[in-house]
Amino acid sequence: MAKPRTAGGAADGTIVKAAIYPSIGIARVGNSPTGWYLGPEVPDPLPQPPGFYRDKSGALKREAARFRVYGLDASDTIVRELTAADAEIAWTVQLANTKAAWYGFQLALDIPEASAEGSTPTTLRNPQVSDRAALAITPRARTVSGRKQGDQRFDDGTFMGKPVTLGAIRTDEAGRLVVLGGHGVSASSIGAKASTFANNDTWHDDVADGPVTARVTLAGRELPVEPAWIVVAPPNYGPNRKSVRTLWDLMRDGAVANGWLPKMTRPSFTEDILPIFQRMAGLQWVNKGFADGFGWKGLFELTPETIARLASPDASNEEWRRVVANQFRIGSLTRDDTRDSWSPVPWPWIYGDAMNQPPALSPRQNSSLSNLQIKALQLWVKGAFEADHDPARPIPRRIEEVPLARQGDVLTKAALDFCLADAFHPGCEMTWPVRQPALYRAPFRFAHAPEGWTEPDFGMELTYARADAPDGCLGPQRPGGITRWMAVPWQTDTASCRAGYDKAYDPHTPTFWPARVPNHVLTRDDYDVVMDRKRPLPERKAAFARRENWDDSLDRTAPYVTQINTMIDHFDRMGVVESLPGPADDDFPAVIEAQDRPPNETPTPERAGAPALFATAAAPDPAEVTDLSGIDKVRRLPPRLHR
1 MAKPRTAGGA ADGTIVKAAI YPSIGIARVG NSPTGWYLGP EVPDPLPQPP
51 GFYRDKSGAL KREAARFRVY GLDASDTIVR ELTAADAEIA WTVQLANTKA
101 AWYGFQLALD IPEASAEGST PTTLRNPQVS DRAALAITPR ARTVSGRKQG
151 DQRFDDGTFM GKPVTLGAIR TDEAGRLVVL GGHGVSASSI GAKASTFANN
201 DTWHDDVADG PVTARVTLAG RELPVEPAWI VVAPPNYGPN RKSVRTLWDL
251 MRDGAVANGW LPKMTRPSFT EDILPIFQRM AGLQWVNKGF ADGFGWKGLF
301 ELTPETIARL ASPDASNEEW RRVVANQFRI GSLTRDDTRD SWSPVPWPWI
351 YGDAMNQPPA LSPRQNSSLS NLQIKALQLW VKGAFEADHD PARPIPRRIE
401 EVPLARQGDV LTKAALDFCL ADAFHPGCEM TWPVRQPALY RAPFRFAHAP
451 EGWTEPDFGM ELTYARADAP DGCLGPQRPG GITRWMAVPW QTDTASCRAG
501 YDKAYDPHTP TFWPARVPNH VLTRDDYDVV MDRKRPLPER KAAFARRENW
551 DDSLDRTAPY VTQINTMIDH FDRMGVVESL PGPADDDFPA VIEAQDRPPN
601 ETPTPERAGA PALFATAAAP DPAEVTDLSG IDKVRRLPPR LHR
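Residue numbers (the UniProt record's numbering): 1 to 643.
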């Protein structure tokens, strides 16, 4: 129990309420029938051993989200974790997948390009189906309590009359909640091919989201409990990597802008500045451009000597720091959006919400850092930062190593740090509505719609003005409200998001989501060459420098429609980038990340052929292409907005 405090009216350590953490949990689908693992519970966990993410058959395990209840005092300070050992805890979760009953993705509705003249309107998916409830997978809520309780499955939801399971809940040995998502099963109700990246009518998948609540009784007294939310997302094929701007960064930005968190006045080098450079360096294992720009022996390699210089506030380094900071796209904070505009040259080499091919006349063609990251860099240039870098500092690898008072926030950061904020096109785990203040009840905590509340009918077409109205859809959420904006099925978007669409500029950068969806990887065969010290050094160096296309298993020579449907049926064939030891010599890194060897064959999910409940439209055969620079994923803007 926390030490009681009394000065200045501070809390005395008495538990008066409870809160669920992480406030937003992330689970991920996988096609293993029984295999699963717990998702990250600290922002910097140790890498898992090779083979960890697959079962014995080679299928991908599901990633589970674990939730805990903490007792808080009157100042909202954590006093202790509450478990089945000292409290009665009944967990309730409701999951839903409402993608097919919602609106299709065209662009993030909150950017100007979405409402520009000539832009494609945002209209309902499956508009020919009058029974909209038949398109929504809405199983009943499930409740579980006690220690080591077995699965309560979300298996009573249907899509066009066909049962669809969205996952299950259970408890661990301490009575904590464990949420498992679906198995990555996506299908068309009429057996149609998927033909586009985001809006495939007649299709469903089994990602989902919804509220997490708990009824907590401590010493015979029921406590008020701050609720949480669970989001079930696609697999993480780069489990050791983070994007340059994570979803935690984005939500932190919003919380500060709304006055919920204090403004940044003096950033920490260790917490606020160094991670920017570490993340760009880490992307070397999932993108060839980042490998040569920021990786081992790259143009801007993050060596211990470089880190030491970055960490020093010495006035003699101020111009050097300014030169480094000026490499980043920073227009959003300076209010000079035209400074970098659509140029792909500034860091961090990530596509933006208005990405288009050919490039758009928009500062959102490519991403920038978050406003707080930019602010941290500006203060860093001046030397006005906490020079707190200690290479020998202990890094918590388990949540139990984190001070009790910080455990709740760390659990949330761990979940959201492995989610992407760029680009919302539409995204991997969540998309642009998470930028809207009305979506939250507190920092990093979504608002829940009142029980029994019915959302208005917004009509055939949705605009941002209508979505953002007081009775719009960007306030408190119902089950399925977060993931409904995403691609259906998720596999078609994952298979479409690559790097270097403009080959005349660079075949490797900018890129979409390499931290979750790799672009170029070191193969296990090339890793074996690197590790074989009997081979000539030039041969080993050539193998290390070589990067193969991560999506080669989709057969990049096949038509585009074939590729995205292969991804639907065989998403477990895509490699997971694992952490492996280096050869322990000075010519290569001490730790190397290489793609595992995925299975060659997996069962194909059944595509149930329901009667003609939809007005069938066959997948367009002539539109099949192998050059992805022409697909509708990257042709979202009217010609007048092209460069």
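Glycine is no exception: its CB is placed at the ideal position from the N, C-alpha and C atoms.
| task | Please confirm whether G352 and N371 have their CB atoms less than 7 angstroms apart. | result | no
| request: Can you have a look at R643 and say buried or exposed, based on whether 16 or more other CB atoms are within 10 angstroms of its CB? | output: exposed
| query | Given D596, which residues of its chain have a CB within under 6 angstroms of its CB, disregarding the five upstream and five downstream residues? | reply | G575, V576 and E578
| Status (buried if at least 16 other CB within 10 Å, exposed otherwise) for V232 | buried
| query | In whole angstroms, what separates the C-alpha of D73 from that of T14? | reply | 5 angstroms
| field | Close beta carbons around T83, own chain, < 6 angstroms, minus the five adjacent residues each side | value | A174 and G175
| Contact between the stretch 199 to 207 and the stretch 41 to 58 (3+ Cβ pairs under 8 angstroms) | no
| task | Within the UniProt domain "L-lysine epsilon oxidase C-terminal" (362 to 513), note down every full alpha helix (DSSP H) run reaching 4 residues or more, in order along the chain. | result | 371 to 382, 407 to 417, 464 to 467 and 490 to 496
| query | Would you say P267 and A438 are within 7 angstroms of each other, going by their C-beta atoms? | reply | no
| said: Could you pull the DSSP bridge partners for Y351 from this structure? | reply: N366
| Cβ pair L641, T122 closer than 7 angstroms | no
| According to DSSP, residues forming a beta bridge with G582 | The partner list for G582 (beta bridge, DSSP) is empty, contrary to what the question assumes.
| query | For the putative contact between A431 and A194, defined by C-beta atoms under 8 angstroms, what is the C-beta separation to the nearest angstrom? | reply | It should be pointed out that residue 431 corresponds to Thr in this sequence rather than to Ala. Not confirmed; about 19 angstroms, so no contact.
| task | Using only alpha-carbon positions, find the residue among V212, P344 and Q407 that is nearest to A90. | result | V212
| task | Assign D17 to one of three DSSP states: helix, strand, or coil. | result | In the sequence under discussion, the amino acid at residue 17 is Lys, which differs from the Asp named in the question. If DSSP states are grouped into helix, strand and coil, K17 belongs with the strands.
| What are the partner residues of W320, as DSSP defines its beta bridges? | Answer by DSSP bridge pairing: none, since W320 is not bridged.
| query | Mapping DSSP to helix, strand and coil, what is S343? | reply | coil
| Euclidean distance between Cα positions of D249 and G104 | 27 angstroms
| What is the C-beta distance between R540 and V42, in whole angstroms, given that I count them as a contact (C-beta under 8 angstroms)? | The Cβ separation is near 34 angstroms, so there is no contact.
| message | Suppose you measure from the CA of D502 to the CA of Q152; what does that come to, to the nearest Å? | response | 48 angstroms
| Per DSSP, the bridge partner or partners of I78 | L72
| field | CB contact below 7 angstroms: P112 versus chain C | value | Chain labels in this structure do not include chain C; a single protein chain is all it has.
| said: Going by C-alpha to C-alpha distance, which of V29, A96 and Y21 sits closest to R66? | reply: Y21
| message | If I measure Cβ to Cβ from A114 and keep anything under 6 angstroms in the same chain, skipping five residues before and after, which residues do I get? | response | L107
| If you draw a straight line from the C-alpha of F197 to the C-alpha of G167, how long is it? | 24 angstroms
| field | Residue span of the beta strand (DSSP E) that contains K162, given as start and end | value | K162 to V164
| field | Buried or exposed by the 16-neighbour rule on C-beta atoms within 10 Å, applied to T483 | value | buried
| query | Alpha carbon to alpha carbon, what distance is there between A584 and D272? | reply | 31 angstroms
| task | Would you mind stating whether K17 and P224 have Cβ atoms separated by less than 7 angstroms? | result | yes
| query | Quick one: what's got a C-beta closer than 6 angstroms to L218's C-beta in the same chain, skipping five residues either side? | reply | A87
| field | Whole-Å CB distance - residue 695 paired with K99, under 8 angstroms assumed | value | The first residue shown for the chain is 1 and the last is 643, placing residue 695 beyond what the model contains.
| said: Assuming contact is defined by CB atoms lying nearer than 7 angstroms, are T412 and F444 in contact in what I supplied? | reply: yes
| field | Terminal residues of the beta strand (DSSP E) in which V216 lies | value | A208 to L218
| Distance, N97 Cα to T566 Cα | 23 angstroms
| field | Endpoints, beta strand (DSSP E) assigned at W91 | value | E88 to V93
| field | DSSP-derived helix/strand/coil call for N236 | value | coil
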